[in-house]
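In this note's numbering, the protein residues as written are 2 to 83.
Where is the CB? At the ideal position from N, CA and C, for every residue including glycine.
The structure presented is a predicted model; accordingly, all values stated were derived computationally and were not measured.
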C-alpha cells in the first residue's frame, strides 16, 4: 500500500469525524428527535467508512485528494456557519 493512500485516509478521517458530529448537531437542531439524529450519524459515518476504504484500495490519486479536499471544505463551512 502506498504511503500517500495512508496519509489521505488519515486526513479524511480527521476531517470526517467532526463532519459526522456536525451533521448530527444540525439534525438535532432541525428535527429534535434522537432517533433521526442517530440515523443521520450512522448514515454519515457509514459513508465516511466506505469512502475511506475506497481511498485505501481503488480510487486514483486525483480523485482521492479531491474527496479529501471536499470533506475538509465541508467541515470548514459547517463550522463557520454555526
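- Remark: C-beta atoms of residue 26 and residue 73 do not approach each other more closely than 9 angstroms.
- If the five residues before and after residue 20 are omitted, its C-beta is found closer than 8 angstroms to the C-beta atoms of 45, 49, 72, 75, 76 and 79, all from its own chain and listed in chain order.
- One thing to note: residue 65 has its Cβ within 9 angstroms of the Cβ of residue 9.
- Excluding its 5 nearest sequence neighbours in each direction, residue 5 has C-beta neighbours in its own chain below 7 angstroms: 62, listed in chain order.
- Excluding sequence positions up to five before and after residue 32, its CB lies within less than 8 angstroms of the CB of 38, all in the same chain and listed in chain order.
- Straight-line measurement puts the Cα of residue 11 at about 29 angstroms from the Cα of residue 35.
- Around the beta carbon of residue 52, a 10 Å sphere encloses 16 or more other beta carbons of the protein chains shown; the residue is thus reported as buried.
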